[in-house]
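Beneath this line is the structure, given in structure tokens, with notes to follow.
In the working numbering, the protein residues as written are 4 to 82.
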């Protein structure tokens, strides 16, 4: 899978997650994919101050991204 396909797959994963975040007044943006293994995202809106955002990131976001792009090893939120 090339970098463009990887980016598209990660975007598909974020599109799947986005409605859940938006229903709580939040959103998520893809910032970068590094070394084809690390995804940097930015939680937005109410998600930035949400106390469960790290849990949301780990469980929901990372799991969904790995479903679309299994080679991804880590997802981190950039404040």
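No residue lacks a Cβ here, since even glycine has one placed at the ideal position from N, Cα and C. Since we're looking at a predicted model, the values are computed, not measured.
Short Cβ contact (7 Å threshold) for residue 77 with residue 41: Here residue 77 corresponds to residue number 74 of the chain shown, with the count starting at 1. Here residue 41 corresponds to residue number 38 of the chain shown, with the count starting at 1. In this structure, residue 41 lies closer than 7 Å to residue 77 by Cβ.
Option nearest residue 64 by Cα separation, candidates 5, 7, 8 and 24: Reading the chain shown from its first residue, position 61 is the one you call residue 64. Considering only alpha carbons, the answer is 24.
Cutoff 6 Å; reference residue 48; Cβ partners in own chain excluding five residues on either side: The sequence position of residue 48 within the chain shown is 45, counting from 1. Hits under 6 Å: 28, 29 and 30.
Those residues which DSSP pairs with residue 80 across a bridge: Counted from its first residue, the chain shown places residue 80 at position 77. Per DSSP, the beta-bridge partners of residue 80 are 44.
Per-residue DSSP class, three states only, for residue 27: For the purposes of this step, residue 27 is taken as residue 24 along the chain shown, with counting starting at 1. The answer is coil: DSSP assigns residue 27 none of H, G, I, E or B.
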